[in-house]
Every structure is written in C-alpha cells, then in structure tokens.
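>
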Amino acid sequence: MVEDIDPHIIGITESWATPDISDAELGMTGYVMFRKDRLGRRGGGVILYIKESIQAYEIKLEKEAECEEAVGCNIVTGNSTLTVGLVYRSPNKSIEENEKIHNAIKEVSKRDCIIMGDFNHGHIQWTSLQGTGREDQEFLNLGTSQRTIDQ
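Residue numbers (UniProt numbering): 1 to 151.
#1: Taking C-beta to C-beta, are residue 155 and Ile75 nearer than 8 Å?
#2: Near Glu52, which residues of its chain fall below 7 Å by C-beta distance, leaving aside the five closest residues on each side in sequence?
#3: From the DSSP output, which residues share a beta bridge with Thr77?
#4: What do you get for Lys110, buried or exposed, if any count of 16 or more other CB atoms within 10 angstroms of its CB means buried?
#5: Is DSSP giving Cys58 helix, strand or coil here?
#6: Quick one: grab the DSSP three-state call for Asp6.
#7: Give a yes or no on whether the C-beta atoms belonging to Asn120 and Ser94 are separated by under 8 Å.
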C-alpha cells in the first residue's frame with residue numbers, strides 16, 4: 001500500500017511498539033523513522049516516517065517531552081522550516097494529561113506546522129467544528145482544528 005501511494009509523511013498511532021522492538025524491525029525502506037513508545041503498559045505509541053529525500057530532524061520541545069505519546073520533527077525546505085507533530089491521546093486521559101497535550105500543541109503551533117494524530121475526541125462534529133463536551137471544546141479552541149483536513 002505504501003508503495004502504491006508513495007506518501008512523503010506517514011503517521012502511525014497506537015503502534016504498540018516497545019523498546020524491545022528494534023528500529024530495524026519497524027523501519028521502512030526509503031523513510032527516516034521517529035518513534036516514541038508507550039512505557040510501562042501495553043498499547044499506545046507513535047511512529048512518524050518521513051521520506052529519506054526530505055531533510056528532517058527530530059525535535060525535542062520541553063512541553064512536548066511532557067506528552068507521553070508525541071513525536072515531532074522539523075522539515076527543512078529551502079529557507080523555511082515546517083514542524084510535523086504526531087500525537088496519540090488515549091480516550092481516558094486525565095485533565096492534567098490533556099493539558100500537557102494542549103500545551104505541547106500550543107507551543108508547536110507558534111510556527112508553521114502540521115499536527116496529526118489520534119486525539120480520541122469522538123464527540124466533535126468535524127464539519128461544523130463543534131464540541132459536545134468541555135474537553136472537546138477545549139481542543140477546538142486551540143485554534144489548530146480550523147485547519148483540520150480529515151479526522
């Protein structure tokens with residue numbers, strides 16, 4: 001499937017990868033891989049693949065480091081840089097954990113960026129950008145969802 005579509009960026013959430021699984025086992029030919037495994041319990045994790053032909057390097061943000069399952073990189077194109085972030089938010093995150101994710105998104109959103117992932121906000125009406133619950137509305141209020149293309 002990847003060969004048929006030939007995407008420049010691939011984001012995988014809920015990778016279930018652990019530190020026991022090597023990068024070689026998860027790598028894909030023609031792509032640079034950035035990963036963050038969930039530690040201490042099963043499931044979760046994120047893997048971001050960027051085509052090798054694209055100049056990209058992993059970023060470490062202070063607020064991003066607080067997010068258990070988020071990874072990011074900067075893509076350099078000529079004179080500009082695009083930040084790409086991938087986030088997995090478990091549906092049963094605490095208010096404090098949600099705030100960490102929101103703070104990381106706010107930090108990254110200060111520059112040109114693409115933020116993608118599985119945010120598990122199932123009650124958001126994506127066509128009208130309306131949230132039915134407080135957490136959903138807080139997510140929409142981040143301002144990043146205005147540019148949501150597809151959930």
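From the three backbone atoms N, C-alpha and C, an ideal C-beta is built for every residue, glycine too. No experiment lies behind these values; they were computed from the predicted model shown.
According to the structure shown:
#1: Lying outside 1 to 151, the shown extent of the chain, residue 155 is not represented and no answer is given.
#2: Counting only Cβ-Cβ distances below 7 Å, and skipping sequence neighbours, we find Gly30, Tyr31 and Val32.
#3: Ser80
#4: exposed
#5: Here residue 58 is Glu; the residue named in the question, Cys, does not match the sequence. It is a strand residue.
#6: coil
#7: With contacts defined as CB atoms closer than 8 Å, Asn120 and Ser94 fail to qualify as a contacting pair.
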